[in-house]
Each structure stands twice: as C-alpha cells, then as structure tokens.
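Structure first, then comments.
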Amino acid sequence: MHGLALSLVADGTYAAALSATDPVARQVAETQFTLGDGPGLLAAKVAAPVLASDLASMTDARRWPLFAPQAVEAGARAVYSLPLGTSTVVIGTLDLYRAAAGLPRPDELADAVLASDVATSVLTALDHRPSPDDGVAAWLHETGTGEDEVYHATGMIMAATGTGAAEALALLRARAFREGRTAADVARDMIHRRIEPGSE
C-alpha cells in the first residue's frame, strides 16, 4: 500500500475527505466526491470491501469509466475501499491505493480491515451533536476539509440560480468534471470570486 484516505459518506455520496496520507490519496478521495462514483462509493453502497486491482484494465475501466482514468493519472493504479460502519449503516470509507496493479496480500487486507474497524470505533464515539452556531459538529468543523468550501460554493450557486442543494451541487460537480478539476478546486475559485456562481 502506498497511501490511504478516510472519508465520510452521507446519503450515498461522499460528504467529507477527513484525512489523507499524501496528495495521491487525497486526489482519489476528491475525484470520487467530484464524480459521485468510484470504488469507495460502491463499498459504501454494498457495505462490503471493493477491490479495484487494476484501474487501467478493461474490467475496472468499465466499472468506473470516469473515475478509473483520473485515478491512474493521479498515480493510483489499484484502489481498495473498505466501508466504515455496520452492514446496515455505513458512515464512511477507508480507501487505500498503490501505484502498481494487483490485489492486496492477505496480511495487508487483514491490516486494512483492522484499521477500518478502529476508524469506525473512533468515528462513532465522537460527539455528533451540531454546534448552535452553524449546525456542524465541532469535531468535523475542525478538520478543515475542502468539502466545507464545496458546501459554501453550493450555497452560492443556489442563491445565484434559484436551484435546490442537490441540483446546485450537481452543477458544481459538472463544471469540475468538464474542466478536469476537483469540486474543491472549483469551489475555492468561486469563493474567492475568480469564477462567478451561476456560470456553470
């Protein structure tokens, strides 16, 4: 394994990339958030590990035609995603990657499952009550992820276009996809007025 990212999932899509060990792992998480597709989201949906052993192969490229080439370009040839939570409630994913194709060794997979169990225990033990000021749990607000910028930009798009939250987020993601960027990058430009909301 070369790196990993820990992400939260809400309503079947990524809600926040909490932590990543390196830029490639963060790019893998942000690409899945931007596209709304990838092994992590499938792992969250089926509540089971998903192993993409060669994202450059036809098999994995057919499973994730948008995600696979971007992950390979970022430096992740294989991605292994494990759900965090239970068989009925998934709260996030642990996404591990490596630069070379192949399946994880049994000991590597056992370590990843142990890490996902520990991450689940930690996340479920945290105080999830929202703060009275902004409705965001304090521990999540302190993570400083790019996803808070995405939600800020989504609100700007809602105000500029009169659309609902889901459609505004879809517009942001579509622009990011068209430009070959992450949703967080586009959101940052929008917040700093380098691009205008409503020009999606």
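Just so we're aligned, residue 1 is where the sequence shown starts under UniProt numbering, counting upward by one.
All C-beta atoms in this analysis are idealised placements derived from N, C-alpha and C, irrespective of residue type, glycine included.
- Here Glu30 is buried. Its C-beta has 16 or more other C-beta atoms within 10 Å.
- Judged by DSSP secondary structure, Arg98 falls within the beta strand (DSSP E) whose first and last residues are 90 to 98.
- Secondary structure note for Pro197: it is in no alpha helix (DSSP H), with a DSSP letter that is neither H nor E.
- The Cβ atoms of Ala112 and Leu82 sit closer than 7 Å to each other.
- The beta carbon of Gly38 lies closer than 6 Å to those of Gln32, Trp64, Phe67 in the same chain, with the five residues before and after it left out.
- Distance from the CA atom of Met1 to the CA atom of Gly162, rounded to whole angstroms, is 45 Å.
- In this structure, Gly3 sits near Ala25, with a CB-CB distance shorter than 7 Å.
- Rounded to the nearest whole angstrom, the C-alpha separation of Val90 and Ser7 is 11 Å.
- One Cα belongs to Thr154, the other to Thr86, and the distance between them is close to 30 Å.
- Leu172 is positioned such that its CB atom lies closer than 7 Å to that of Ala183.
- At a Cβ-Cβ threshold of 7 Å, Val79 and Ala52 count as neighbours.
- No residue range can be given for Ser57, since it is assigned to no alpha helix (DSSP H) and is classified by DSSP as neither H nor E.
- Taking the CA atoms as reference points, Ala5 sits about 10 Å from Pro23.
- According to the DSSP assignment, Gly40 belongs to the alpha helix (DSSP H) that extends over 39 to 46.
- Residues Glu149 of the same chain have their beta carbon placed closer than 6 Å to that of Arg188, with the five preceding and five following residues left out of the count.
- Put simply, of Leu103, Arg105, Ala101, Leu96 the residue whose alpha carbon is nearest the alpha carbon of Ala115 is Leu96.
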